[in-house]
Structures are given as structure tokens and as C-alpha cells.
Amino acid sequence: MKQLLKKILLIDLIKGLLITLRTIFTQPVTIRYPKQKREIAPGFRGRHALVRDPETGKERCVACLRCARVCPSQCIYIGYKEDETSGRRVLTKYEIEAFRCVYCGYCVEVCPVNAIVLTEFYEYAAYDKEENYFTKEKLLQNWDEFLSLYKHQEYINKFWYLRGIERIRLPYEKRFPTPIRIKKEG
92 MKQLLKKILL IDLIKGLLIT LRTIFTQPVT IRYPKQKREI APGFRGRHAL
142 VRDPETGKER CVACLRCARV CPSQCIYIGY KEDETSGRRV LTKYEIEAFR
192 CVYCGYCVEV CPVNAIVLTE FYEYAAYDKE ENYFTKEKLL QNWDEFLSLY
242 KHQEYINKFW YLRGIERIRL PYEKRFPTPI RIKKEG
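Under the working numbering, think of the first position of the sequence shown as 92, with each following residue one higher.
Laid out in C-alpha cells, this is it:
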């Protein structure tokens with residue numbers, strides 16, 4: 092009897108129309124993307140960059156290979172050579188295949204010298220596959236571009252110091268991460 096009364100009075104149809112009528116007068120949840128850009132959430136992981144040391148102008152990477160070993164998608168390729176005078180490793184190749192990356196941030200967390208960063212850029216679509224294959228020069232260029240558009244005076248990545256881990260157990264550079272001072276021209 093109730094089912095018949097529901098069908099005759101079209102109760103379900105009226106409920107659906109009321110929901111539609113109610114949502115017509117609410118604010119839309121979408122934004123007009125090219126004109127309006129959404130605020131970046133804290134901890135957002137976007138385009139990769141190699142951090143350039145402000146004093147020397149070279150990359151901070153010491154070719155320890157930790158980032159390549161910890162990467163779950165195996166998208167980081169590093170090449171190095173041994174310096175005969177100092178005995179240190181010199182970075183010759185640092186490449187990231189962005190299409191394979193899952194943006195987990197493990198490479199940023201494990202780096203003992205804070206040499207790699209996932210910046211807050213999310214607009215890097217390309218027509219060519221090679222544009223999303225980041226070489227060492229392209230990664231350094233990404234860092235320079237990121238710093239030129241960065242709004243604050245100092246940059247410190249939230250993954251450089253991990254919560255829940257005692258500072259004494261971290262490498263020196265991770266224990267006391269020094270913010271990178273940004274020099275703005277003009």
C-alpha cells in the first residue's frame with residue numbers, strides 16, 4: 092500500500108527536485124582554473140628541483156645515492172666520479188623521470204644535505220615527453236625559477252626536519268636545517 096502511494100504521488104521525484112533546487116542557490120565548488128588559481132596546501136609536492144648552494148652556486152648533492160635507493164618507482168638516475176684530490180664524489184648526472192614518479196617525498200626526506208626538493212609548482216604539463224624528463228641542469232633551473240617566484244625571504248622545506256624523530260639521530264644538516272636566504276633583485 093505504501094509503495095503504491097509513493098508511486099502515485101511521485102515522492103522520490105519530488106525529493107530529487109528539492110535536492111536540485113537546494114543546490115542551485117549554493118556556491119559552486121569548482122573554480123575557473125586559468126583565471127583563478129587555488130591556494131597551495133602546506134606540504135604540497137610538485138615539480139622536482141635540485142637545491143643550489145647560495146655560496147658556491149653549485150648543487151648541494153654529494154652523490155650519496157640514498158634518494159635513488161629509497162625511490163619506490165626507481166625514477167632517479169645518478170652518475171658521479173671520484174675526485175682524485177679530495178676523494179669526494181662529484182655529481183656528473185642527476186636525472187628524474189617525472190612520469191614514473193609517485194611524488195611520495197621519500198627522496199626529500201632521506202637526503203642528508205637537503206639537496207632535492209619537491210617544489211610547489213603544479214603547472215608543468217607538456218606536449219613533449221622529454222620536457223618531463225628532468226636532467227641536472229633542468230632541475231637546477233627549476234630551483235632558480237621556484238626561488239624567483241617564492242614570496243618569502245627564507246625557504247625551509249617541511250620535509251627537511253621530520254616530526255617524531257629525535258634530532259640527535261638525524262645527520263647534522265637535518266638536525267639544524269639552515270633556511271635558504273632569498274635575495275630579491277629590485
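Glycine included, C-beta positions come from ideal geometry on N, C-alpha and C.
Nothing here was measured: the structure is a model prediction, and the numbers come from that model.
Buried or exposed: where does Val208 fall if 16 or more other Cβ atoms within 10 Å of its Cβ makes it buried? buried
Sorted by chain position, which residues of the same chain lie with C-beta nearer than 7 Å to Gly277's C-beta, five sequence neighbours on each side aside? Reliability of the predicted coordinates at Gly277 is poor, the pLDDT of 48 falling under 50, and no value is obtained from them.
Close beta carbons around Trp234, own chain, < 8 Å, minus the five adjacent residues each side: Ala140, Leu141, Val142, Arg143, Val208, Thr210
For the beta strand (DSSP E) that contains Thr183, what are its first and last residues? 180-188
What number of angstroms, rounded off, separates the C-alpha of Arg151 from the C-alpha of Val201? 14 Å
Contact check, Ile187 vs Leu231 under 8 Å by CB: the rounded distance? Incorrect: roughly 12 Å between the Cβ atoms, too far for contact.
With the cut-off set at 8 Å, would you say Tyr194 and Arg157 are in Cβ contact? no
Kindly indicate which three-state DSSP category Thr131 falls into: helix, strand or coil? A small fix is needed here, since residue 131 is Ile in this sequence, not Thr. Coil, per DSSP.
Are three or more beta carbon pairs between the region 177-185 and the region 210-230 nearer than 8 Å? yes
Out of Leu96, Phe212, Gly107, point me to the one whose CA is closest to Glu236's CA. Phe212
Complete alpha helix (DSSP H) runs within the region 144-225 (minimum length 4 residues, chain order): 157-161, 197-201
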